[in-house]
Amino acid sequence: SAVIALVIALVIGVPLGLLLGITPPARRATQIVFDFGRSFPIIALLPLVSLILGTNQAMEITIISLGVVWAVVTQAIDGSRRLDPVIADTVSAYRIGPMLRFWKVVLPNAAPYLMTGVRIAATASLLIAIAIELLTLLPGLGGQIGRAQQYQAPALALAYVIYAGVLAMVLNAALTRIEDKLLVWTRRSVSS
């Protein structure tokens, strides 16, 4: 569920964030919505979404997606806005068209921010999935922790909690390695 929700959040969040980042009037018009969405405790929606969709995998995916899309959108907006003034002046002086500017300037500039958003969203999706499964006893790691608690098996619950922590660390390390492979230019600029 966490992986599906993460993919949904990326498919929605990346284009939306990039679009808002390169369109200042749209960004200003939607700023309050994003500030609210970012700070809203997503688990508070659990009872409402459970009533609408039922306590099932679709509900879990919906809540996780709603919880992690904000990190992706925010990082995409920041990445597409933070353009080096020299590069912005060069693009303007050479009158580079909007499509070429997007593909050759905005997207490479936003890529490190996007990868940060992916790492944040991936870890958050795992944590939200565990919380939902723990509260609803849906199948999954959180459900196993909840069942261990019900059966008065603290050692088993602790083992699942440690496993969840290790899983989050491995996920973050894997995404960091992918980022290092994909964004070689950012690693070189930091190390030089």
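All residue numbers for the sequence shown refer to the numbering used here, where the first residue is 3 and numbers rise by one. The beta-carbon is built from N, C-alpha and C at its ideal position, and this holds for glycine as well. Here the structure is a predicted model, which means the values were calculated and not measured.
Exercise for review: Check whether the stretch 68-81 touches the stretch 5-14, taking contact to mean three or more Cβ pairs, one atom from each stretch, closer than 8 Å.
Suggested key: yes
Check your understanding: Buried or exposed: which applies to Thr125, given that a residue is buried once 16 or more other Cβ atoms fall within 10 Å of its Cβ?
Key -> buried
Check your understanding: Out of curiosity, what's the CA-to-CA distance linking Met117 and Ile147?
Key -> 30 Å
Check your understanding: Based on Cα-Cα distance, which residue from Ala131, Val108, Ile180 lies nearest to Leu143?
Key -> Ala131
Review point. Smallest Cα separation from Gly81: which of Leu160, Leu177, Thr25, Pro156?
Key: Thr25
**Study point:** Sub-8 Å separation of Val177 and Pro114 beta-carbons
**Key:** Note that residue 177 corresponds to Leu in the displayed sequence, not to Val. Going by C-beta atoms, Leu177 is not nearer than 8 Å to Pro114.
Practice item. Return the Cβ separation of Ser67 and Ala7 in integer angstroms, given the expectation that the two are a contact with Cβ distance under 8 Å. Key: 4 Å
Check your understanding: Is the CB-CB distance between Arg30 and Gly23 below 8 Å?
Key -> no
Check your understanding: According to DSSP, is Asp86 helix, strand or coil?
Key -> coil
Check your understanding: Nearest-angstrom Cα distance between Leu48 and Gln154?
Key -> 26 Å
Check your understanding: Do you know offhand how far Ala150's Cα is from Gln59's?
Key -> 21 Å
Point to revise | Residue of Val35, Gly69, Thr32 minimising C-alpha distance to Pro43 | key: Gly69
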